[in-house]
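Following: one structure in structure tokens, then a few remarks.
2 protein chains.
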Amino acid sequence: MVTIYDIAKACGCSSATVSKALNNYPDVSAKTREKILKKAKELGFVPNLQARALITNKTWNIGVLFEDKSHSGLTHYFFSQVLQGVKEQAEEKGYDITFISKNLGGVEMTYLEHCNRRKIDGVVIACIDFEDPQVTELMESDLPVVAIDFITSHIGSIVSDNVKGLYEITKYMISLGHKDIVYVYGHETHVTEERIRGFRKALDEASIPFSERMLVKSKYSEREDSEEAVEYIIKRGNLPTAIIFPDDCAAIWGIKTLRSHGIKVPEDISVAGFDGVEIGEMVYPRLTTMRQDTSRLGKEASLRCIQMIETKVHNPTMTTIGVELIEGGTAMPPREKDVILKPKKKN
Amino acid sequence: MVTIYDIAKACGCSSATVSKALNNYPDVSAKTREKILKKAKELGFVPNLQARALITNKTWNIGVLFEDKSHSGLTHYFFSQVLQGVKEQAEEKGYDITFISKNLGGVEMTYLEHCNRRKIDGVVIACIDFEDPQVTELMESDLPVVAIDFITSHIGSIVSDNVKGLYEITKYMISLGHKDIVYVYGHETHVTEERIRGFRKALDEASIPFSERMLVKSKYSEREDSEEAVEYIIKRGNLPTAIIFPDDCAAIWGIKTLRSHGIKVPEDISVAGFDGVEIGEMVYPRLTTMRQDTSRLGKEASLRCIQMIETKVHNPTMTTIGVELIEGGTAMPPREKDVILKPKKKN
DNA sequence: TAGAAAGTCGAAAACGATTTCGGAGTTTTC
DNA sequence: GAAAACTCCGAAATCGTTTTCGACTTTCTA
Chain H
1 MVTIYDIAKA CGCSSATVSK ALNNYPDVSA KTREKILKKA KELGFVPNLQ ARALITNKTW
61 NIGVLFEDKS HSGLTHYFFS QVLQGVKEQA EEKGYDITFI SKNLGGVEMT YLEHCNRRKI
121 DGVVIACIDF EDPQVTELME SDLPVVAIDF ITSHIGSIVS DNVKGLYEIT KYMISLGHKD
181 IVYVYGHETH VTEERIRGFR KALDEASIPF SERMLVKSKY SEREDSEEAV EYIIKRGNLP
241 TAIIFPDDCA AIWGIKTLRS HGIKVPEDIS VAGFDGVEIG EMVYPRLTTM RQDTSRLGKE
301 ASLRCIQMIE TKVHNPTMTT IGVELIEGGT AMPPREKDVI LKPKKKN
Chain U
348 MVTIYDIAKA CGCSSATVSK ALNNYPDVSA KTREKILKKA KELGFVPNLQ ARALITNKTW
408 NIGVLFEDKS HSGLTHYFFS QVLQGVKEQA EEKGYDITFI SKNLGGVEMT YLEHCNRRKI
468 DGVVIACIDF EDPQVTELME SDLPVVAIDF ITSHIGSIVS DNVKGLYEIT KYMISLGHKD
528 IVYVYGHETH VTEERIRGFR KALDEASIPF SERMLVKSKY SEREDSEEAV EYIIKRGNLP
588 TAIIFPDDCA AIWGIKTLRS HGIKVPEDIS VAGFDGVEIG EMVYPRLTTM RQDTSRLGKE
648 ASLRCIQMIE TKVHNPTMTT IGVELIEGGT AMPPREKDVI LKPKKKN
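As given, the protein sequences belong to chains H and U, one line each in that order. Residue numbering for the first sequence follows the working numbering, starting at 1 and increasing by one per position. Residue numbering for the second sequence follows the working numbering, starting at 348 and increasing by one per position.
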């Protein structure tokens, strides 16, 4: 491997000058700079980032932290899109990304320790249990940290407009004529709180009384949990006319479960998801859902993290990314349950 | 950040001894070793991998190379599962993974150059255009390289049993009574060749004459291309009774296109995919397909790469991973087209 | 034309580890 | 009781960069 010393020797100058020429320092004459650059290319010089990092204390690496306990991390549709965004933006700015884990080669270590070993410049967190003390440790460290869909006082946050998201989709359901709507919520996190706020806001505006029955707990995005939630809704009787799920996969598994009980979607019951990932488009009929701009979520997080790294100011900030209703085919006006409307026809 | 010098000072010994104690060298007494380890933990020492890498020439980093031009890399269902496998196995062995790209911070560079900058220990390649001269350059370099679903004479290969895959699924279609089967193939790569071999083998065994009409070209995994292929099949007339697609997504988009023309699946035409990703299970009815053990594909690639790194012998090897038929609901016996069977009923 | 200012360059220290080799001290061997 | 063998440790070189600071040239200014 060719080093700056090789170039120095070939050019008859010192390694210091080579380094300066390569890094556009002003105190090297145009002539020598040119000679050095030419020689560097000629010899196929590639700078050694390890050596550079050692002295500059910057690795050009940003860490990505996400839940991988379920072994589904990267295959998690929402996350993989976010990650794609993070990666693209990081690359554009010259950073590589590294996955942060708790265990490396059989050695237990905290997330922070992993970052310190690799001298990660900053971290993007997504889809993770923010209650984990190790995550807290990381967020409270000196590292620049940006979280997606989580808000706290001392790091950057990029969030989807969850209040609006659930508000809009609920309003949409109401506009179709639904009054008996259930929101199946996932982890009890900030996101869930926001969504429930949006849900209730829409109900309030339509003067539909809220009841605890309208909220059903499930876990996030796991097939079995979604199925369980639906089973529960069916078992307790008195079916709602619409169900909103916390994510598209949950909605799809939910629909499958409903159908397996002979309940037709959307004829008997309307369903909506949340996320707007591609799978929603693959099922029939196309899933009604709220699209989150996942790629932008990732890109903004990446960008924000890099800003924090480069400006060295770590003030907490929050960026909200808009959401968009996708009118698919899994929601329609509810059946006229009783003959209430018949008298009207008599007129 | 605390260094080995800090530990040395605190223990009244030299940095050399600290290093040795930390790395289990034999020439340090149990007593001092213990003292050093204790102090290291007490001070919260975390080794600096950059510094270590500089001298040992090993970064504990493996690179992952995949196509990201289409901006769909990480969200590509098949790949994300493979990547998950690569990552898990790498982590278990103490390696981090880094995505290799052609462009970093607006600076064009070859894949190999990216690897050299980061001093990547080895590379796993998947889902990529193996014709790319940059990929060739990488494969011909001194780096340990393992490819998934590609075979060449000088690197490690992990491949699914594609011959068997298409053989089995074709045989299955034949066993249902299909004779007029189309295989929609993707990129003309090694994988495609193998699959076509399997396809023809099944036909031969059943004495079904092969015709060029049975092969229809499409691109790999892009929605529009799959739709186009189906449109073509419809337009040219004389529909086959079964279509096998090169991957599950293509199959799902294909089914959507067929249905949009009023063709029922599986009643009018049977369909099968390939890959066995989760989406196949989400659609109705469940997609008939061949499951590839994606996670294992990734894990084996990772493991093989690490072996090459650690043993320093880069002999080309090939590992084949089995596939498994999933009988879904998108394939059934073909309609009895004409009244050929009626005479039988007379009996 | 002398002195100041600007422009170039290089020696050397630093970053944080690993590893070689030899020396000092201790124990074993004959 | 001396030589040989073994234990334990540290000085110093090394990996490939960056960066400071002083020195030397050249150009500018009055």
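We put the beta carbon where it would ideally sit given N, CA and C, even for glycine.
The DSSP assignment places 145-148, 156-160 as complete runs of the beta strand (DSSP E) inside the region 129-179 of chain H, in order along the chain (cut-off: 3 residues). Here U:Val670 really is in contact with U:Arg638; their C-beta atoms are around 6 Å apart, less than 8 Å. Identification of residues in the region 96-124 of chain H having a C-beta nearer than 8 Å to some C-beta of chain U yields Asp96, Ile97, Thr98, Phe99, Ser101, Asn103, Leu104, Gly105, Gly106, Val107, Glu113, Asn116, Arg117, Arg118, Lys119, given in sequence order. Listed by position along chain H, the residues whose Cβ is nearer than 8 Å to that of U:Pro394 are Arg117.
For U:Met665, there is no enclosing alpha helix (DSSP H); the enclosing beta strand (DSSP E) has its first and last residue at 665-668. Excluding residues up to 5 positions away in sequence, Phe78, Asp247, Asp248, Gln292 lie with their Cβ nearer than 6 Å to the Cβ of H:Asp275 in the same chain. With respect to the 8 Å criterion, H:Ser302 and H:Ala40 are not classified as neighbours on the basis of their beta carbons. A Cβ-Cβ contact shorter than 8 Å links H:Arg118 with U:Asp443.
For the region 271-283 of chain H, the residues whose beta carbon sits under 8 Å from a beta carbon of chain U are, in order, Glu278, Ile279, Met282, Val283.
Classified as buried, U:Tyr514 has 16 or more neighbouring CB atoms from the shown chains inside 10 Å of its CB.
Each of U:His661, U:Ala678, U:Ile668, U:Ile626 was checked against the Cα of U:Leu490, and the nearest Cα belongs to U:His661. Along the region 203-228 of chain H, going in chain order, the ones with a CB nearer than 9 Å to a CB of chain U are Arg223. For U:Asp572, the closest C-alpha among the options U:Ser448, U:Phe592, U:Gly645 is that of U:Phe592.
In the three-state reduction of the DSSP assignment, U:Gly432 falls in the helix class.
Within the region 656-687 of chain U, not one residue has a Cβ closer than 8 Å to any Cβ of chain H.
In the DSSP annotation of this structure, the continuous segment of the alpha helix (DSSP H) that includes H:Ser302 starts and ends at 294-311. By alpha-carbon distance to U:Ile543, the top candidate from U:Asn585, U:Gly512, U:Pro556 is U:Gly512. Comparing alpha-carbon positions, the option among H:Lys312, H:Glu336, H:Thr330 lying closest to H:Lys58 turns out to be H:Lys312. For H:Ile55, the number of other beta carbons within 10 angstroms of its own is below 16, and it is reported as exposed.
Just so you know, the alpha carbons of H:Ile181 and H:Arg223 end up roughly 21 Å apart.
Note: H:Glu324 is bridge-paired with H:Arg291 in the DSSP secondary-structure output. If you draw a straight line from the Cα of H:Gly273 to the Cα of H:Ala242, it comes to about 11 Å. Residue state for H:Ser207 is assigned as coil, using DSSP reduced to three classes. Across the region 598-618 of chain U, CB contacts with chain H closer than 9 Å involve Ile599, Trp600, Ile602, Lys603, Arg606, in sequence order along the chain.
Judged by their CB atoms, H:Cys305 and H:Val146 are nearer to each other than the 8 Å cut-off. Apart from sequence neighbours up to five positions away, no residue of its chain approaches U:Leu451 with a beta-carbon distance below 6 Å. When rounded, the separation of the alpha-carbon atoms in H:Lys35 and H:Cys11 is 7 Å. A direct Cα-Cα distance of roughly 43 Å separates U:Tyr631 from H:Met139. Counting every other CB atom within 10 Å of its CB across the protein chains shown gives H:Arg200 a total of 16 or more, marking it as buried. Looking at the DSSP output, H:Ser270 sits in a beta bridge with H:Ala242.
As the crow flies, the alpha-carbon of U:Lys526 is around 29 Å from that of U:Glu625. In this structure, DSSP gives U:Ile447 a state outside helix and strand, which the three-state scheme calls coil. When DSSP reads this structure, H:Asp248 sits in no beta bridge, so it has no partner. By the beta-carbon neighbour count (other beta carbons within 10 angstroms, threshold 16), U:Leu390 is exposed.
Against chain U, a Cβ distance below 7 Å from H:Ala51 picks out Leu401. For chain U, none of the residues of the region 6-17 of chain H brings a beta carbon within less than 8 Å of one of its beta carbons.
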